[in-house]
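Below: one structure, written as structure tokens.
In structure tokens form, the structure reads like this:
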């Protein structure tokens with residue numbers, strides 16, 4: 346049993362209370378969440394291959410977040426799950442569509458479920474040793490990311506891409522693995538009115554944090 | 346690393362592949378799932394308090410499932426998650442709205458996320474020792490069920506109630522705990538055009554399977 350606050354705020358023995366979450370993907374909010382983080386264009390130095398295009402966009406940056414996460418975690422034990430929504434504004438930098446930094450879980454066998462809520466995009470999924478896959482996600486579509494897959498979301502549409510996620514509370518994130526590898530194996534680039542996948546010529550293989 | 350089948354079906358070292366899931370709540374299907382189970386009215390002897398009303402419905406039963414689950418599990422290890430949809434037909438037996446058997450996880454600290462996809466209902470949540478809560482679930486609403494809470498879905502609407510769920514692959518289910526307790530702590534009953542909650546006079550406290 347964990348401890349949870351009573352209605353008077355005094356911790357007492359007993360399970361933590363259930364959490365009611367209101368999904369508001371269009372406005373990018375998760376009602377009932379207890380954590381939020383935001384990423385700004387200035388945080389994404391080195392994420393996109395075209396450094397000139399990135400600097401040009403920075404010069405005209407309006408300072409609003411380019412993506413953010415609202416999430417809920419109320420249990421620290423091994424049985425707890427973290428759930429939240431990830432909201433990614435649309436855009437293009439050079440030829441690459443707007444994307445998140447991406448990560449592998451720090452405990453790399455931990456899997457994650459993503460459920461499309463609004464907008465249209467893809468997930469790039471790289472096995473640490475093996476395949477690279479690019480799969481679509483949007484309303485009515487979910488992607489189960491097993492352990493040992495580095496993953497990132499890409500907004501290939503013109504609206505916000507909002508996804509709901511759920512993963513083990515102890516999973517953690519290794520956000521550096523992609524930077525150390527020179528990027529993911531695949532790029533998702535503008536191709537006419539749509540998108541296509543190209544191999545990333547800068548990718549030099551993944552190195553796990555434990556071995557780095 | 347787990348082993349996964351290659352496209353030729355020969356197991357090979359490497360992570361299992363990602364799974365693409367198509368949510369079709371209105372027709373009660375999860376595209377890409379690899380398991381399904383169904384519950385029929387004949388399976389639910391003793392679930393509803395009004396035994397006469399139950400027998401009367403059985404006499405006119407059309408033999409179609411009253412609820413079913415389509416799910417996906419591809420990893421056996423500690424990092425794997427099971428995800429799926431639960432689909433519950435509407436109905437009333439005596440004064441109680443149609444419901445699932447409900448369960449506590451066999452590893453009782455394992456939590457579960459439910460996301461409303463279609464229809465309207467409630468979840469009854471009983472702490473093994475403590476509170477009983479009844480919370481609404483429907484499109485745009487999610488309920489995080491922490492460990493140590495017995496939980497059940499109830500369809501209080503006139504359409505199918507479909508929810509997406511996600512929980513740890515090792516959690517398991519103790520389906521007998523509610524029967525051993527004489528039912529859950531709360532009943533969700535017809536009240537005019539809506540529903541209300543009544544204490545269940547038959548509930549005699551929960552006994553965990555380990556101690557039973």
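Residue numbers (the working numbering), protein chains in the order written: chain A, 346 to 557; chain B, 346 to 557. The beta carbon of each residue, even a glycine, is placed where N, CA and C say it ideally should be. Values in this document were obtained by computation on a predicted structure and should not be read as measured data.
Within chain B, the residues whose beta carbon sits less than 8 angstroms from that of residue 474 of chain A are 359, listed in sequence order. At a cut-off of 8 angstroms between C-beta atoms, residue 403 of chain A does not count as an interface residue with respect to chain B.
Around the CB of residue 466 of chain B, 16 or more other CB atoms lie within 10 Å, so the residue is classed as buried. Residue contact with chain A for residue 381 of chain B: absent (no Cβ-Cβ distance below 8 angstroms to any residue of chain A). Taking the C-beta atoms as reference points, residue 378 of chain B is found nearer than 8 angstroms to residue 415 of chain B.
Taking residue 391 of chain B as reference, the option from B:506, B:533 and B:527 with the minimal CA-CA separation is B:527. Every unbroken stretch of the beta strand (DSSP E) spanning 3 or more residues and falling wholly within the segment 367-416 of chain A is given here in chain order: 374-376 and 380-384.
In the DSSP assignment, the residues bridged to residue 484 of chain A are A:461. Residues of chain B whose Cβ lies closer than 8 angstroms to the Cβ of residue 486 of chain A are, in chain order, 365, 366, 367 and 368.
Its chain contains 450, 451 and 452 as the residues whose beta carbon lies nearer than 7 angstroms to that of residue 517 of chain B, once the 5 sequence neighbours on both sides are disregarded; these appear in chain order. Chain B has a Cβ within less than 8 angstroms of the Cβ of residue 509 of chain A.
Each residue's CA atom was taken as its position, placing residue 422 of chain B and residue 551 of chain B some 30 angstroms apart.
Secondary structure of residue 524 of chain B (DSSP, three-state): helix. For residue 452 of chain B, the chain A residues whose Cβ falls inside 8 angstroms of its Cβ are 424, in order along the chain.
Residues of the segment 542-557 of chain A whose Cβ lies closer than 8 angstroms to any Cβ of chain B: none. Taken in chain order, the members of the segment 499-526 of chain A whose beta-carbon sits within less than 8 angstroms of a beta-carbon on chain B are 509, 511, 512, 513 and 516.
In the structure shown, the three-state DSSP call for residue 453 of chain B is coil. Excluding the 5 residues flanking it on each side, residue 455 of chain B has same chain C-beta neighbours closer than 7 angstroms at 492, 512, 513 and 516, in chain order. In the pairwise beta carbon analysis, the segment 432-450 of chain A is classified as touching the segment 530-545 of chain A: at least three pairs are separated by under 8 angstroms. With a contact defined as Cβ atoms closer than 8 angstroms, residue 500 of chain B and residue 554 of chain B miss out at about 27 angstroms. A distance of 8 angstroms or more separates the beta carbons of residue 365 of chain B and residue 375 of chain B. By the neighbour-count criterion, in which a residue is buried when 16 or more other Cβ atoms sit within 10 angstroms of its Cβ, residue 371 of chain A is exposed. When the Cα atoms are used, residue 521 of chain B and residue 445 of chain B turn out to be separated by approximately 13 angstroms. Chain-order list of chain A residues neighbouring residue 456 of chain B: 420, 424, 425 and 426, by C-beta distance under 8 angstroms.
Residue 432 of chain B is outside the set of residues whose beta carbon lies under 8 angstroms from a beta carbon in chain A. With 16 or more other Cβ atoms from the protein chains shown falling within 10 Å of its own Cβ, residue 486 of chain B counts as buried. Sequence-distant Cβ neighbours of residue 479 of chain A in its own chain, meaning closer than 7 angstroms and more than five residues away, are 467, 469, 531, 533 and 542.
Look at residue 519 of chain A here: in three-state DSSP terms it is strand. In the three-state reduction of the DSSP assignment, residue 428 of chain A falls in the strand class. For residue 446 of chain A, no beta strand (DSSP E) encloses it, and the DSSP letter there is neither H nor E. Under the DSSP assignment, residue 466 of chain A falls in the beta strand (DSSP E) whose first and last residues are 466-472.
Between residue 461 of chain B and residue 508 of chain B, the beta carbon gap of about 6 angstroms places them in contact (Cβ cut-off 8 angstroms). Among the residues of chain A, those whose CB is under 7 angstroms from the CB of residue 470 of chain B are 363, following chain order.
Within chain A, the residues whose beta carbon sits less than 9 angstroms from that of residue 480 of chain B are 363 and 365, listed in sequence order. Chain A has no Cβ within less than 8 angstroms of the Cβ of residue 465 of chain B.
Closer than 8 angstroms to the CB of residue 417 of chain B there is at least one CB belonging to chain A.
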